[in-house]
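This report concerns only the one structure given below.
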Amino acid sequence: MIRKRRHSLQKQLQLNKGFTLVELLAVIAIMAIVIGGSAIGVSVISRGNVKKAGNFVYTELNNLRSQTLTVNADWKLDIVKDTDGTCRLVTYKNDVQTESKTIGKGYNITISDYANSSDKTDYDVDSDKKATVTYTRSSGRVGSFVVNAGASRSDKLDVNNNLKAVITISRGSHSYDVTVWYSTGKLSLS
């Protein structure tokens, strides 16, 4: 009986000494799965935020075109990047600000002016600068598109002879494009 008890105590001490290699590997595998899932989740959220920002720009440009065609006033939309990196959309009616909506911080906005299907010139909307879009009341086509207004040198895009402008909203490795067709004023997303 004493022998049985001693054997039982030795067995119990052996069980309480620590964990085995198999248990350690199982814990590491579970941690890897959780961390991998989290990384995928963050990437999906980031991609979703860029898409949301692109849809927001698309909607505001579409509203600007509709207001230009239906309300007898001079409308314009500024795509602004503040010095702190905040991107905003500001709507004006007869040079009076009617709305200012925030896209968010940390976005890069690039406007590509396409002379034809392949020749393009890229413009970055710099910090504390803006891009201004107007439509013509009679036809709904793009009336003017000026990039980096407020800078010592601003670029007025050739909306009468060129094909389109592509507004690219990006953050990190994700981007979303809003295409503005000059001749019709129509918009598309990609």
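In my numbering, the protein residues as written are 3 to 192.
Glycine is no exception: its CB is placed at the ideal position from the N, C-alpha and C atoms.
Exercise for the section: Look at the Cβ atom of T85, then the Cβ atom of D115, and state whether they are nearer than 7 Å. Expected result: no
Exercise for the section: Measure the C-alpha to C-alpha separation of V127 and I169 and round it to an integer number of angstroms. Expected result: 10 Å
Problem - Rounded C-alpha distance that separates G187 from R143 - result: 4 Å
Exercise for the section: May I have the straight-line CA-CA distance separating T136 from G174, to the nearest angstrom? Expected result: 30 Å
Exercise for the section: Let me know the secondary structure DSSP gives V127 once reduced to three states. Expected result: coil
Handout entry: Residue range of the beta strand (DSSP E) that includes N110
Key = 110–116
Exercise for the section: For my contact list, A167 and I81 are in at a C-beta cut-off of 8 Å; report their separation, rounded to the angstrom. Expected result: A167 to I81, Cβ: 11 Å. No contact.
Handout entry: Contact belief for T119 with L165 at Cβ below 8 Å, rounded distance in angstroms
Key = Strictly speaking, residue 119 in this sequence is Ser, with Thr absent from that position. S119 to L165, Cβ: 7 Å. Contact.
Practice task
My understanding is that D76 touches N51, with C-beta atoms under 8 Å, so please give their C-beta distance in whole angstroms.
Solution key: Actually they do not touch by this definition, with Cβ atoms about 33 Å apart.
Handout entry: CA nearest to the CA of I111, picked from A117, L91, Q99
Key = L91
Practice task
Please name the residue or residues paired with S102 in a DSSP beta bridge.
Solution key: V92
Exercise for the section: Inspect the beta-carbon positions of T100 and T93 and report whether they are closer than 7 Å. Expected result: yes
Exercise for the section: State buried or exposed for G145, treating a residue as buried only when at least 16 other CB atoms are found within 10 Å of its CB. Expected result: buried
Problem - Exposed unless 16 or more other CB atoms sit within 10 angstroms - verdict on L79 - result: buried
Practice task
Would you mind working out which of C89, N163, H176, N65 sits nearest G108, comparing C-alpha positions?
Solution key: C89
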